[in-house]
Amino acid sequence: MSILRKKVIIVTYHFPPEATGGSSRIYEMARSLQSLYDVTILCPPPTYPFTKYKNPKYLFNKENVKGFSVYRLWNFQPTKQYPSLFQRLLYYGVFPIFAFFFLLSHLHGVSFVIITVPPSPLLITSLAIRLFRKKLIIDVRDFWIDLAVSLSYIKKDSIIVKLARKFEEYCWRKSDMIITNSRIIYDTLNSNRNKRRNSKVKYFPFSVDLNIFKKVSGSSTEKQIVYIGNLGSAQNVKALIDALPLVLEKVTDLRIQIYGGGDCEPEIKSLARELNIDKYIKFNGIVPREQIPSILSESTLGIIALSSNNVVRYALPTKSFEYFASGLPVVAYGSSDELELIMSESGAGLYVRGDNKRDIANAIINVINDKVALTQYSVNARKFAENNTFHSLISDVQTLIEEK
64 MSILRKKVII VTYHFPPEAT GGSSRIYEMA RSLQSLYDVT ILCPPPTYPF TKYKNPKYLF
124 NKENVKGFSV YRLWNFQPTK QYPSLFQRLL YYGVFPIFAF FFLLSHLHGV SFVIITVPPS
184 PLLITSLAIR LFRKKLIIDV RDFWIDLAVS LSYIKKDSII VKLARKFEEY CWRKSDMIIT
244 NSRIIYDTLN SNRNKRRNSK VKYFPFSVDL NIFKKVSGSS TEKQIVYIGN LGSAQNVKAL
304 IDALPLVLEK VTDLRIQIYG GGDCEPEIKS LARELNIDKY IKFNGIVPRE QIPSILSEST
364 LGIIALSSNN VVRYALPTKS FEYFASGLPV VAYGSSDELE LIMSESGAGL YVRGDNKRDI
424 ANAIINVIND KVALTQYSVN ARKFAENNTF HSLISDVQTL IEEK
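64 is the number of the first residue of the sequence shown in my numbering; add one for each residue after it.
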């Protein structure tokens with residue numbers, strides 16, 4: 064006699080084949096929950112990076128991906144790599160409304176729902192979840208409103224921002240559990256003004272499949288550095304491009320592989336041509352997730368890039384643990400306290416505070432030219448991944464759904 068497994072729905076903007084940190088995090092989260100639950104993913108058609116995917120020919124589509132039931136609901140897809148504010152509002156506003164009505168007819172028999180944010184408009188779906196008195200878990204990956212303000216997408220004192228903050232706070236307060244992959248966010252949510260929320264905030268670091276993300280046997284390492292991820296304002300890959308002429312003066316046979324896409328891709332490519340280093344750089348676009356371990360195994364050094372904006376001080380890019388698990392030495396830069404802490408604890412490479420091109424260049428040169436350090440960084444990276452990807456999400460969830 065078969066035992067009926069409890070059901071969980073994950074509501075997210077990003078899911079494979081999209082090449083984003085959020086997509087990878089949700090995939091790995093769903094995979095870990097899959098051992099005990101029937102997992103359903105509710106998401107839009109693949110959209111980000113903008114213009115990289117074809118417009119969907121459907122309003123609703125059901126797929127099976129690695130054992131997950133994936134429901135994709137139509138969403139507005141921006142027509143430019145750097146969309147106007149109006150197009151962004153449509154992109155962020157349409158899907159949550161469709162998802163709300165979808166949940167109204169699909170919450171029967173569901174034990175709990177996970178909503179992963181950003182973007183904050185996705186929290187609209189929490190109204191349907193609470194209406195049916197289902198357990199609600201909110202996955203907070205960054206403070207999206209603050210980031211949107213810092214990037215000048217919306218004005219700091221606008222009525223939209225004020226209402227969004229109040230609604231976000233309301234949803235956090237009404238949730239049954241809040242999980243985050245950032246200890247900085249964890250500390251912020253557990254600050255004195257949020258004292259009543261303390262017991263339900265859980266630290267859930269990114270969990271990477273160590274059997275897939277590892278040094279691929281037989282791979283020959285090339286003298287190349289690799290960046291995999293978004294090419295957006297928050298990542299500031301432009302700072303890497305600015306630093307490369309200084310690097311290439313000292314390491315003339317170096318190659319640079321960049322995978323992914325985003326708002327700043329045209330600007331980054333233009334800068335590479337302007338600096339006359341485009342012949343050293345290959346822009347590969349988006350690649351399937353299953354190809355990433357081989358790409359990392361063939362590289363000498365991985366780059367983790369973030370902006371120098373203090374708003375990203377809590378950011379921990381998903382690629383960090385993918386690089387670490389693959390034994391890839393790292394040079395990271397930006398103004399993330401979280402990333403600086405992880406780099407210090409892991410001993411997997413060098414961290415540059417800020418985005419000064421000379422500091423970034425010196426860090427890359429020092430690592431690339433030190434074979435002893437490269438070996439040690441590689442060992443440290445893998446060891447850190449093995450010791451830190453374990454998480455207690457399943458046990459926390461089981462405790463939650465058993466509560467009356």
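For each residue, glycine too, the CB sits at the ideal point set by N, CA and C.
Using the C-alpha atoms, what's the distance from A227 back to S183? 8 Å
What does the Cβ neighbour count give for T142, buried or exposed, with the cut at 16 atoms within 10 Å? exposed
For S147, count neighbouring C-beta atoms within 10 Å of its own C-beta (all shown protein chains included) and say buried if the count is 16 or more, exposed if not. exposed
Per DSSP, what kind of secondary structure is K197 in: helix, strand or coil? coil
Taking only the alpha-carbon atoms, compute the straight-line gap between K69 and T251 and give it to the nearest angstrom. 32 Å
Which whole-angstrom value describes the C-beta separation of V375 and S398, a residue pair presumed to lie in contact below a C-beta threshold of 8 Å? 6 Å
In chain order, what residues of the same chain have a beta carbon less than 6 Å from the beta carbon of R259, not counting five sequence neighbours either side? Interpretation of R259 is limited by its pLDDT of 49, a score under 50 that renders its predicted location unreliable; no figure is taken from the coordinates.
How would you call L179, buried or exposed, if buried means at least 16 neighbouring beta carbons within 10 angstroms? Reading the sequence as shown, one finds Thr at residue 179 and not Leu. Counting Cβ neighbours within 10 Å, T179 comes out buried, since at least 16 surround it.
Following the continuous beta strand (DSSP E) through K245, name the residue where it begins and the one where it ends. Note that residue 245 is Ser in the sequence shown, not Lys. S245 -> no beta strand (DSSP E), and no H or E assigned at all.
Can you grab the Cα-Cα spacing for the pair I321 / I358, in whole Å? 11 Å
Alpha carbon to alpha carbon, how far is V300 from L294? Give it in angstroms, no decimals. 6 Å
Three-state class that DSSP yields for A368 in the structure shown: strand
N419 to I367 span [Cα, whole Å]: 15 Å
For G365, is the classification buried or exposed, using 16 other Cβ atoms within 10 angstroms of its Cβ as the cut-off for buried? buried
For the candidate residues G323, L307 and G324, whose alpha-carbon lies nearest to that of D316? L307
The alpha helix (DSSP H) that contains L96, what's its start and end? G84 to L96
Taking Cβ positions, are I72 and I89 nearer each other than 8 Å? no
Please report the straight-line C-alpha distance between S20 and V415, rounded to a whole angstrom. The structure shown does not extend to residue 20, since the chain is modelled only from 64 through 467, so no value can be given for it.
Per-residue burial, G84 [other beta carbons within 10 Å of its own, 16 or more giving buried]: buried
Can you give me the start and stop residues for the beta strand (DSSP E) that R135 sits inside? F131 to L136
Contact check, A191 vs L166 under 8 Å by CB: the rounded distance? 4 Å
Along the chain, where does the beta strand (DSSP E) containing F175 start, and where does it finish? V173 to V180
Could you tell me which residues DSSP pairs with N339 in its beta bridges? DSSP lists no partner for N339.
Candidates D220, F139, S441 and I319: closest to I208 by CA position: D220
Ordered list of beta strand (DSSP E) runs contained in the segment 408–437, each at least 3 residues: 412–416
By how many angstroms is the C-alpha of D205 removed from the C-alpha of P107? 20 Å
Measure from the alpha carbon of N373 to the alpha carbon of each residue in T103, S441, D400 and G323, then state which is nearest. D400
If you draw a straight line from the C-alpha of D459 to the C-alpha of K265, how long is it? 8 Å
In whole angstroms, what is the alpha-carbon distance linking L413 and K197? 45 Å
Proximal residues to V289 (C-beta, below 6 Å), its chain only, five neighbours per side dropped: Q320, S362 and G365
What number of angstroms, rounded off, separates the C-alpha of T114 from the C-alpha of W137? 15 Å
Quick one: grab the DSSP three-state call for F447. helix
In three-state terms, what does DSSP make of G397? strand
First and last residue of the uninterrupted beta strand (DSSP E) at L309: Unbroken run through L309 is the alpha helix (DSSP H), K301 to K313; no beta strand (DSSP E).
Local conformation of C327 per DSSP, three classes: coil
Using 10 angstroms around the beta-carbon of T462, count the other beta-carbons present and answer buried if the total reaches 16, otherwise exposed. exposed
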